[in-house]
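S.K.: Once you've had a glance at the structure underneath, I'll fire off some questions.
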DNA sequence: AATGAATGAGCCTTCATTCAT
DNA sequence: CATGAATGAAGGCTCATTCAT
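Residue numbers (the UniProt record's numbering), protein chains in the order written: chain A, 1 to 210; chain B, 1 to 210; chain C, 1 to 210; chain D, 1 to 210.
Shown next, in the form of structure tokens:
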């Protein structure tokens, strides 16, 4: 006698349901392509419930952006912050590898969030908001790079943009269909690939004044 | 005081107007976000004119994709194909530099086209077509890389994605507000920056079997 | 002072409202001439409500056809089937009279439905469906005639068409402005008139092989 | 060097071209379903030419109605007026037969005009105009009937409506697909059929005061 | 709190109509 | 004159949003 859908749930739980459904639908259909009907259906609730717990479509999208951006930042911060986990050396290259691995891990395990953040929202009224999220990540990367390579954070910014862009491109490749299967976790594979390409160059930049 | 509205124009001219406007609006709003009204307004013509010269929204989008894809491919092919222009050596690094410069030139001068091609959500019925255009460019990059570094084109694909992503990231930085002014053309600056970061790594990959 | 607009109604009720309005508008304007706006306005609901309860314009038209066809067929079948109601003899002429009276009754009391069914242009994709509805009624008439006059149903078809056309013409005359007032129900008057004109001829056909 | 389409033609000729095309298209697609583009294409002229020679769509439709109505009236008048053509007796039944034959001849040889007049135009703003045309025919029939059967024209009107309706119904049957092939001209077949059904009844009415 | 029902606004598309050549 | 090109005005349909239960 207690139909799941109509059971009163704690507000935060309902909100999570709605956000999860929204991210799923937004990632598949895009901001304009997604309909509130579809989101409600995916969440298994009625449309007014979506409004009650997620607000307007724009607010809902913004909430998705915020949540996924924070999730990504947290994941990276945590991973980078964790000192050498005893798995190997703790030199600059290893730290770069771990940061990249954290990024790739976050992105490949939350593919929909990533899609919404970086592939669906780059247009229209949300371009600014997405840009802010993206810049936060780039900024963090620039700080890491400045610490490792020396030089100011400002000077490291273009390199950080390059690095983040490269990571995004590689992620796109991985999320595409045709890539070799591996036993290793994808994040490790991708991080090693990217490290191999960029580390020598970055290493050389250490000597130069940026 | 020349009313452009009711002015009769040659069909090709009008079609170009419409396509230009469409690319602009699509790049800003996305396929779903763009309205035919907006495109008509941007083109300075009436909505029926958009239909007369650009066809259905889907056809119009497809035409934009086709035109910009060809434009970018042509620009890159031409620039890369031009042999050493006497400005310096013609080793692998120099060829990479020129290819990157061509890419940056094409992308920075046709930003909107690139956005439509590479940054738009590839959802729904156009996923395939957009993807095909994207992949054509990355494929070209992969071919160049394979030629330079040895190894198969398939093996070069992730590196190509990485490279294109890195270039994109750097372009974003450049098109952002805060970057130092230079006398040099942006494409040269950006190409040198990216070359500095990735060339050492790529160079090292030459020795390894990819 | 009871705003009917925002009032929540049972779906069947709303659907009936919408169908009624649709039949009215279709009968006045034709399939192409009727606009969903007009139907919504006539029904006193919003356009989305029309779509919610009546579906697409084509579906709505089909639903109108189906409903009116059934209504007319039922009315005629019932009236004809009712055996001699004690009002007089039950010979062939009397049965013809009763059938005609049933037809006139159905047609004069559901004029719009009849118009949609029988007078609308049967163009385009609905030609078949409209025609089917029309033919069902004429077919029924042909069956009755065949039973009364002998001969096959096929042979009776032209006579049935003639009869139905004659009845239509007489109905038009009655619904026009200038006709004498009577105490009798119109259906009786019209049926007697038509019987007087056609019965002698039909009676004579009984002897002949059709 | 003189392309037919662009050759300057006498205005009446062009007008005829346009009217013919219009009737064809209207009869196939209906008033609302027909597009001026389609009419222009069918006529083999440009759209402005249609406007120049046929006027507005409504005017064009009205012109079609007028022309076909007149054609039908003329045909009937002529046929009825022609005294017994020596092919047989000239009693009242023969005169009825000839009038009906004239009607069926006009209708079956100008099927499109008939369709436009009686099957496409019965709705919307042209209902009145069509009604007028129809009434003219019915009036003529009533006059003939009054002359043959005795009684006033007014009294003959319902019978005239009946007769015209019957003729229309039979025409519909004939214009449908499935009817037996004959060597005789259709008009003769149909006229004989209808005469057989209605003449006995009409004959009997002669004795009664209508 | 949760929802079925309702709607205002907007979008894609086409059509009747008219300039300008 | 004849026409290609252009447009204002709907029309069918859907969507984000909100009542009323």
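Cβ coordinates follow ideal geometry from the N, Cα and C atoms, glycine included. Bear in mind that the values here come from a model prediction, so they are computed numbers and not experimental data.
Mind checking residue 13 of chain B: buried by the 16 CB within 10 Å criterion, or exposed?
M.R.: With fewer than 16 Cβ atoms within 10 Å of its Cβ, residue 13 of chain B is classed as exposed.
S.K.: Tell me which residues share the same chain as residue 34 of chain C and place their Cβ nearer than 6 Å to its Cβ, disregarding the 5 neighbours each side in the sequence.
M.R.: Hits under 6 Å: 25, 26.
S.K.: Here's the rule I'm using: 16 or more other beta-carbon atoms within 10 Å means buried, otherwise exposed. How should residue 44 of chain C be labelled?
M.R.: Label assigned to residue 44 of chain C: exposed.
S.K.: Just how far apart, CA to CA, sit residue 67 of chain C and residue 11 of chain B?
M.R.: So the two alpha carbons sit approximately 51 Å from each other.
S.K.: When you compare the CB of residue 204 of chain B with every CB in chain A, is at least one pair closer than 7 Å?
M.R.: True, the Cβ-Cβ gap to chain A drops below 7 Å.
S.K.: Going by DSSP, what residue range makes up the alpha helix (DSSP H) through residue 241 of chain B?
M.R.: This structure cannot speak to residue 241 of chain B, because chain B is shown only from 1 to 210.
S.K.: Alpha carbon to alpha carbon, how far is residue 62 of chain C from residue 129 of chain C? Give it in angstroms, no decimals.
M.R.: For residue 129 of chain C and residue 62 of chain C, the distance between alpha carbons rounds to 8 Å.
S.K.: Short check: CB of residue 75 of chain D to CB of residue 106 of chain D, under 7 Å?
M.R.: It is a contact, given that the beta carbons lie within the stated cut-off.
S.K.: Report the neighbours of residue 159 of chain D on chain C: residues whose CB is nearer than 7 Å to its CB, in chain order.
M.R.: The answer, in chain order, is 197.
S.K.: With DSSP as the reference, label residue 190 of chain D as helix, strand or coil.
M.R.: The answer is helix: DSSP assigns residue 190 of chain D an H, G or I state.
S.K.: How many angstroms separate the CA atom of residue 159 of chain D from the CA atom of residue 187 of chain D?
M.R.: If you take the alpha carbons of residue 159 of chain D and residue 187 of chain D, they lie about 21 Å apart.
S.K.: On a CA-only basis, which of B:18, B:28, B:120, B:183 is nearest residue 59 of chain B? Give me that one, please.
M.R.: Out of B:18, B:28, B:120, B:183, B:18 has the C-alpha closest to the C-alpha of residue 59 of chain B.
S.K.: Which chain B residues are close to residue 164 of chain A, counting only those with a beta carbon under 8 Å from its beta carbon?
M.R.: Ordered by position in chain B, the residues that pass the 8 Å Cβ test against residue 164 of chain A are 169.
S.K.: Given a limit of 7 Å on CB to CB distance, which residues of the stretch 172-191 of chain C reach chain D?
M.R.: Result list: 172, 173.
S.K.: Buried or exposed: residue 175 of chain B, going by 16 or more other Cβ atoms within 10 Å of its Cβ?
M.R.: That one is exposed.
S.K.: Using a beta-carbon distance below 7 Å, is residue 200 of chain D in contact with chain C?
M.R.: Yes, residue 200 of chain D counts as interfacial toward chain C.
S.K.: Could one say the Cβ of residue 36 of chain C lies closer than 7 Å to chain D's Cβ atoms, at least one of them?
M.R.: So no, residue 36 of chain C is outside the interface.
S.K.: Which class does residue 48 of chain B belong to by DSSP, given the choice of helix, strand or coil?
M.R.: It is helical.
S.K.: Listed from N- to C-terminal order along the chain, which residues in the stretch 15-45 of chain C have their beta-carbon within a distance smaller than 7 Å of any beta-carbon of chain D?
M.R.: Answer in chain order: 28, 29, 30, 32, 33.
S.K.: Are residue 149 of chain A and residue 205 of chain A close, meaning C-beta to C-beta below 7 Å?
M.R.: Yes, the pair counts as a contact, with Cβ atoms nearer than the cut-off.
S.K.: Quick one: is residue 193 of chain D near chain C, going by C-beta distance under 7 Å?
M.R.: Chain C, which has a Cβ nearer than 7 Å to the Cβ of residue 193 of chain D, makes this yes.
S.K.: Given a limit of 7 Å on CB to CB distance, which residues of the stretch 95-128 of chain D reach chain C?
M.R.: Flagged, chain order: 119, 120, 122, 123, 124.
S.K.: Shortest alpha-carbon distance to residue 108 of chain B belongs to which of B:170, B:78, B:23?
M.R.: Measuring from the Cα of residue 108 of chain B, the nearest candidate turns out to be B:170.
S.K.: Between B:92, B:52, B:99, which has its C-alpha nearest residue 73 of chain B's C-alpha?
M.R.: That would be B:99, whose Cα lies nearest to the Cα of residue 73 of chain B.
S.K.: Quick one: residues in its chain with C-beta nearer than 6 Å to the C-beta of residue 3 of chain C, no 5 flanking neighbours on either side, listed in chain order?
M.R.: Legend: pLDDT at residue 3 of chain C = 42, less than 50; position of this residue unreliable, no value from coordinates given.
S.K.: So what's residue 205 of chain C in DSSP terms, helix, strand or just coil?
M.R.: Reduced to three states, the DSSP call for residue 205 of chain C is helix.
S.K.: In the DSSP assignment, find the unbroken alpha helix (DSSP H) run with residue 108 of chain B in it and report its ends.
M.R.: Unbroken alpha helix (DSSP H) run through residue 108 of chain B: 92-109.
S.K.: Using only alpha-carbon positions, find the residue among D:30, D:40, D:29, D:32 that is nearest to residue 21 of chain D.
M.R.: Residue 21 of chain D has its Cα closest to that of D:40, out of D:30, D:40, D:29, D:32.
S.K.: What ranges does the alpha helix (DSSP H) occupy inside the UniProt domain "HTH tetR-type" (12-72) of chain C, keeping only unbroken runs of at least 4 residues that lie completely in it?
M.R.: With a minimum length of 4 residues, the continuous alpha helix (DSSP H) runs that stay inside the UniProt domain "HTH tetR-type" (12-72) of chain C are 36-43, 47-54.
S.K.: Mapping DSSP to helix, strand and coil, what is residue 132 of chain A?
M.R.: Note: residue 132 of chain A maps to helix in three-state DSSP.
S.K.: Any idea if residue 78 of chain B is buried or exposed, counting beta-carbon neighbours within 10 angstroms, 16 or more meaning buried?
M.R.: The residue in question, residue 78 of chain B, is exposed, as its Cβ has fewer than 16 Cβ neighbours within 10 Å.
S.K.: Answer with buried or exposed for residue 90 of chain B, where buried requires no fewer than 16 other C-beta atoms within 10 angstroms of its C-beta.
M.R.: So residue 90 of chain B ends up on the exposed side.
S.K.: Determine the burial state of residue 69 of chain C: buried for a count of at least 16 other Cβ atoms within 10 Å of its Cβ, exposed for fewer.
M.R.: When all chains shown are included, residue 69 of chain C counts as buried.
S.K.: Measure the alpha-carbon distance for residue 92 of chain C versus residue 103 of chain D and round it to whole angstroms.
M.R.: Distance between the alpha carbons of residue 92 of chain C and residue 103 of chain D is about 31 Å.
S.K.: Tell whether a beta-carbon distance below 7 Å holds between residue 30 of chain C and residue 120 of chain C.
M.R.: Result yes, Cβ atoms of residue 30 of chain C and residue 120 of chain C sit closer than 7 Å.
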